[in-house]
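Written below as structure tokens is the structure these notes are about.
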Amino acid sequence: MSVKSARQKPSFLHAWVLPVATITLFLCLKFLFIRNMGLVNEIHHLPLSRHFAEPTWLAQDIYYSEPPGYRVLFQILFGHLTTTVGFLATSIIGRILGYLSVAIGLWALARRLGIGLLTLLVAIGLFVYVRRPQGVMAGEWLLGGIEPKVFAYSALFMALSAMVAARYLWMTAWLGLAASFHALVGGWASIAVLLWLMWRRSDVLLDGRRWLAAIAIYGLTGVFALSAVLTQLLSPVEASSISPAYIYSFLRNPHHVNPLAWPMDEWWLLLAYLLVFGSCAFYLLRAVPQDSKAAELTRHRTDFFCYVLCTLILFGAGILIAPLDRNGQILQYYPFRVGDLMLALGAAIFLALTLEKLLWQHRRGAIAITLIILTAFGAEAVRFYSKGMELRMFPIEANGVNAEMVPLADWLKQNVPDGEIVISSPVKAAALPWLSDHPSVAKFRFVPSASSADVEDWYERISDLGGGIDLLSNVNRRTDSRRPIRHILSEAYDSLDTAQVITLMDKYQSNYIVTIAQQQLELPVVYENSRYRVYALDDKDT
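Numbering (the working numbering), first residue to last: 443 to 984.
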């Protein structure tokens with residue numbers, strides 16, 4: 443089923459359009475209307491894109507006003523869209539384009555690996571249903587909201603398709619594009635390709651003329667990543683008693699970059715993925731090819747298998763470095779990112795191919811898997827409709843916005859001067875800045891980019907919102923401390939007294955603070971509902 447036997451070359455419609463459309467349709471049914479601008483990274487990237495297109499919007503917000511860095515290509519594509527059609531429409535349009543790019547990349551790779559459409563759909567199903575964050579244990583994911591790495595991974599899949607076909611200059615071009623969309627995804631993927639070349643195609647590395655061409659091509663397609671990296675390297679870093687890398691890695695993002703904090707069941711899951719990946723690949727690749735076409739197919743699959751292993755070398759190196767990297771200087775760059783996702787994808791692909799070989803040669807097995815695929819399409823279509831109907835009331839709870847936040851945001855829009863900072867909880871009401879068009883002092887969720895000087899400023903602001911609380915004293919490198927830290931920080935903010943609030947208002951030049959309705963301050967109440975209260979600073983209090 444995976445190797446076409448027809449003598450006549452299939453038309454472009456059958457070879458590309460229909461498979462890509464089918465994959466895109468499934469991804470849209472599964473993800474298009476799930477948590478738009480909610481508990482996904484769209485709440486990071488789409489407001490950042492709007493600020494890029496409209497620099498005066500949230501200009502005083504420490505997170506949303508940061509320079510575009512590696513996100514510049516994404517922000518060029520989607521920034522003006524957010525200003526014209528709004529966040530929800532941009533989320534939907536962006537997701538469709540993102541899923542289309544993923545479908546093209548996966549189908550291009552699948553064709554090189556001799557994977558048919560039904561087998562690929564099984565692999566995608568395994569990939570998206572086994573784990574909600576599709577990565578194995580470092581919290582990496584590909585499918586869901588729209589953000590730069592969706593296009594970066596799509597370009598990576600195109601690069602892998604070119605790689606196994608020995609089209610190395612095309613591979614280089616796609617890797618550069620992946621880096622332009624997301625410097626870390628493209629960068630780690632490129633390093634893994636270099637490891638793969640040293641292992642599988644060392645002769646290519648000795649070809650000087652090809653190297654010159656590859657450097658020029660990578661510099662051209664990866665120009666946005668290279669400019670971001672050079673800007674960061676050339677930016678002066680002030681000496682500080684607090685390491686921004688430590689804050690970023692161990693206070694805010696241990697679930698992504700600190701393996702010492704990952705729970706034991708995640709390590710068992712890693713072992714399970716490795717066993718499935720290795721055993722299925724061994725089962726498929728051990729057979730002796732019977733002809734040249736089968737030999738080529740086996741070589742392509744072996745090359746893909748070896749590439750996944752190269753990403754796992756980087757993953758393993760990160761694990762070895764973790765106990766030594768006490769400040770997070772290396773861990774802050776997510777060395778686990780690509781390997782975490784590629785292991786999950788590789789295991790899904792080789793397991794689907796194994797099921798194809800074991801079951802689809804029997805009629806009942808083929809019928810059963812086909813019915814499972816059709817059932818998945820049907821179930822997702824029903825959910826797609828219900829979630830789409832819910833979005834008529836956007837924004838809602840699923841978008842991270844409770845019913846009381848909408849009138850609060852409307853009041854702030856109408857009554858607070860444009861661009862003025864509104865103090866709000868560092869933990870709760872993460873959607874309030876983009877919903878109200880007013881910057882916040884800081885949010886725990888929105889930490890500036892790694893190695894940014896703003897990380898130290900962010901930490902100071904977060905601590906101020908907690909009444910000067912020492913958050914780093916609650917960090918334990920061997921556990922994920924985010925949940926208790928968020929609880930402590932939220933409780934501290936909700937317990938601020940009037941003097942502390944006035945100090946905050948004075949420091950951050952704000953005349954308004956949003957609190958929970960139960961919080962009592964000796965300041966005028968200018969707005970109130972069942973959940974929130976807005977206090978204003980009287981002239982006599984300044």
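Think of the CB as a built atom: it goes at the ideal place given N, C-alpha and C, for glycine as much as any other residue.
Since this is a predicted model, take the numbers as computed values, not measurements.
Item: Meets three-Cβ-pair contact criterion under 8 Å: the stretch 601-617 and the stretch 562-572; Value: no
Item: For arginine 834, the first and last residue of its enclosing beta strand (DSSP E); Value: Counting along the chain, arginine 834 falls outside any beta strand (DSSP E), and DSSP gives it neither H nor E.
Item: Per-residue DSSP class, three states only, for alanine 580; Value: coil
Item: Closer than 8 Å to chain B by CB, glutamate 846; Value: In the structure shown, chain B cannot be found, because there is only a single protein chain.
Item: Any 3 or more C-beta pairs closer than 8 Å across the stretch 750-760 and the stretch 774-788; Value: yes
Item: Close beta carbons around proline 590, own chain, < 6 Å, minus the five adjacent residues each side; Value: Arg513, Phe516, Phe623 and His624
Item: As assigned by DSSP and simplified to three states, the class of glutamate 970; Value: strand
Item: Extent of the continuous beta strand (DSSP E) to which valine 956 belongs; Value: 954-958
Item: For tyrosine 974 and isoleucine 955, believed in contact at Cβ under 8 Å, the rounded distance; Value: With 8 Å as the limit, isoleucine 955 and tyrosine 974 do not qualify as a contact, their Cβ atoms being about 11 Å apart.
Item: Residue burial classification, alanine 723 (beta-carbon count within 10 angstroms, cutoff 16); Value: buried
Item: Integer-rounded CB distance, given that phenylalanine 746 should sit under 8 Å from leucine 639; Value: That pair is no contact at about 14 Å.
Item: Residue(s) in a DSSP beta bridge with isoleucine 865; Value: Ile955
Item: Close Cβ partners of serine 972 (< 7 Å) along its chain, the five nearest in sequence each way excluded; Value: Glu846 and Ala959
Item: Per-residue DSSP class, three states only, for valine 976; Value: strand
Item: Simplified DSSP state of serine 685, which is helix, strand or coil; Value: coil
Item: Isoleucine 657 to tyrosine 610 span [Cα, whole Å]; Value: 12 Å
Item: Where the alpha helix (DSSP H) through lysine 472 begins and ends; Value: 460-473
Item: Anticipated Cβ contact below 8 Å, alanine 545 with isoleucine 659, distance rounded; Value: 25 Å between Cβ atoms; not a contact.
Item: Buried or exposed (CB count within 10 angstroms, at least 16 for buried), proline 452; Value: exposed
Item: Where the alpha helix (DSSP H) through glutamine 674 begins and ends; Value: 665-676
Item: Stretch pair the stretch 841-855 + the stretch 489-509: three plus CB contacts closer than 8 Å; Value: no
Item: Whether leucine 488 touches phenylalanine 520 by CB criterion (8 Å); Value: yes
Item: Euclidean distance between Cα positions of methionine 605 and arginine 574; Value: 29 Å
Item: Buried versus exposed call for threonine 673 [16 or more other C-beta atoms within 10 Å across all chains shown]; Value: exposed
Item: Neighbourhood of leucine 626 by C-beta distance below 7 Å, restricted to the same chain and skipping five residues each side; Value: Tyr775, Tyr776 and Arg779
Item: Beta-carbon proximity of phenylalanine 692 to arginine 919, cut-off 8 Å; Value: yes
Item: Glutamate 822 versus tyrosine 541: straight-line alpha-carbon distance, rounded; Value: 15 Å
Item: Other residues of its chain near histidine 698: CB distance less than 7 Å, five sequence neighbours each side excluded; Value: Ala580, Gly581 and Tyr776
Item: Nearest-angstrom Cα separation, counted from isoleucine 930 out to leucine 913; Value: 9 Å
Item: Same chain only: Cβ atoms within 6 Å of phenylalanine 529, ignoring 5 sequence neighbours per side; Value: Met479 and Leu488
Item: Status (buried if at least 16 other CB within 10 Å, exposed otherwise) for valine 824; Value: exposed
Item: Contact between the stretch 852-866 and the stretch 880-887 (3+ Cβ pairs under 8 Å); Value: yes
Item: Residue burial classification, tyrosine 827 (beta-carbon count within 10 angstroms, cutoff 16); Value: exposed
Item: Leucine 779 in three-state terms, based on DSSP; Value: The question names leucine, but residue 779 in the sequence shown is arginine. In the structure shown, arginine 779 sits in a helix (DSSP, three-state: H, G or I).
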